[in-house]
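Working notes, structure below.
Residue numbers (my numbering): 156 to 480.
Right, here's the structure in full:
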């Protein structure tokens, strides 16, 4: 039922997709400016070196041989290309200080980008919460201003943690792929293992952080209490496997949707599918939170999902706008 309710909530909040798209495009432009400011000076400092020139010439020669299907020239060109590449690596090691500085700055810009994108996701969550609780159409700009402080604190914690977890995930998947390569496993199976590991480890993170955002927005708790509740395996209990299975299906559907957008629309469809992916996953977080805590919510304009036993409403809670839990 959670799967079905998630897509009904997603359709009911589809307008948020366009608002999140506009916000993400603004963040993308700002991020590209920062990346350019970091990368261009570094590239300019090495663009005139003999190693870069040799690598460019070797790449061009190998490409020409490949297009012409000149196998002897390809074999020779590949050897030259490898030598040029290793010479470039040696040159970069000699400039380790500049390389490390550039890498650190790029990582910093990436964390800032994730932070800004997280503000958009938090705002989208607040809008979905308003829609589910009161079927209200909240303005994106108004929501981001209203929740700016809480969103900043949430992302100041979540963005670095997710970045570190992402690095560990890639390292783990890469380690498994490298081990399989050493064992002589076919390339297709290595790719399958790499992709499966990435999906599984990301799903695990989603499961344990699924209640963090709803706890902050609907539950109005602090980040520490929201984290403690979200990461508490015993609190999830019998729902753990249910949440895990739903996330596996949702993540695979999101991947398939974005791959289809690339292949069938030459990438243009990503303008819709990328923000829609986040709206789907955020919708599931709130549906899951409401269902597990027996909270009634609007699934669409004419449908309210109610728990089997509704909590009582006191006069004090009514005027505060909160239900007793």
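Beta carbons are placed, not taken as given, at the ideal position from N, Cα and C, and that holds for glycine.
| query | result |
| --- | --- |
| Give the DSSP bridge partners of residue 460, in chain order. | 452 |
| Quick check on DSSP: helix, strand or coil for residue 294? | coil |
| Enumerate in chain order the residues of its own chain whose CB-to-CB distance from residue 383 is below 6 angstroms, with the five nearest sequence positions on each side excluded. | none |
| If we require 4 or more residues per run, which alpha helix (DSSP H) segments fall completely within the stretch 227-315? | 251-289, 295-301 |
| On the CB-based measure, 16 or more other CB atoms within 10 Å of its CB, does residue 439 come out buried or exposed? | buried |
| Considering only their Cβ atoms, is the gap separating residue 447 from residue 413 smaller than 7 angstroms? | no |
| Can you look up residue 317 in the DSSP assignment and give me helix, strand or coil? | helix |
| In terms of alpha-carbon separation, which member of 455, 320, 374, 315 lies closest to residue 281? | 374 |
| Any contact of the stretch 249-267 with the stretch 278-293, i.e. 3+ C-beta pairs under 8 angstroms? | no |
| Give the straight-line distance between the Cα atoms of residue 274 and residue 352, rounded to the nearest whole angstrom. | 28 angstroms |
| CA-CA distance, residue 442 and residue 172? | 18 angstroms |
| Taking residue 266 and residue 303 to be in contact with their CB atoms under 8 angstroms, please state how far apart those CB atoms are, rounded to whole angstroms. | The pair is not a contact, with the Cβ atoms about 19 angstroms apart (cut-off 8 angstroms). |
| Roughly how many whole angstroms lie between the Cα atoms of residue 229 and residue 220? | 5 angstroms |
| Do you know how far the Cα of residue 216 is from the Cα of residue 222? | 10 angstroms |
| For residue 479, which of helix, strand or coil comes out of DSSP? | Bear in mind that the predicted position of residue 479 carries a pLDDT of just 42, short of 50, making it unreliable; the figure below should be weighed with that in mind. Looking at residue 479 - three-state DSSP - the assignment turns out to be coil, as it is neither helix nor strand. |
| Need the endpoints of the alpha helix (DSSP H) that residue 378 sits in, please. | 378-385 |
| What did DSSP end up calling residue 334 once you bin it into helix, strand or coil? | helix |
| Could you give the DSSP three-state label for residue 223: helix, strand or coil? | coil |
| Residue 193 and residue 271 look like a contact to me (Cβ under 8 angstroms); what is the Cβ gap, rounded to whole Å? | With a Cβ gap of about 16 angstroms, residue 193 and residue 271 do not count as contacting. |
| Can you grab the Cα-Cα spacing for the pair residue 300 / residue 180, in whole Å? | 19 angstroms |
| For the alpha helix (DSSP H) containing residue 190, list its first residue and its last residue. | 170-201 |
| Have a look at 328, 371, 455 and flag the residue whose alpha-carbon is nearest the alpha-carbon of residue 356. | 328 |
| Terminal residues of the continuous alpha helix (DSSP H) containing residue 167? | 157-167 |
| Can you check which of these residues, 424, 207, 287, is closest to residue 411 by C-alpha distance? | 424 |
| Check whether the Cβ atoms of residue 430 and residue 449 sit closer than 7 angstroms, and answer yes or no. | no |
| Going by beta carbon distance, what residues of the same chain come within less than 6 angstroms of residue 189, once the five residues before and after it are set aside? | 264 |
| Can you give the Cα-Cα distance for residue 348 and residue 206, rounded to whole angstroms? | 35 angstroms |
| Among 387, 345, 354, whose alpha-carbon lies nearest the alpha-carbon of residue 365? | 387 |
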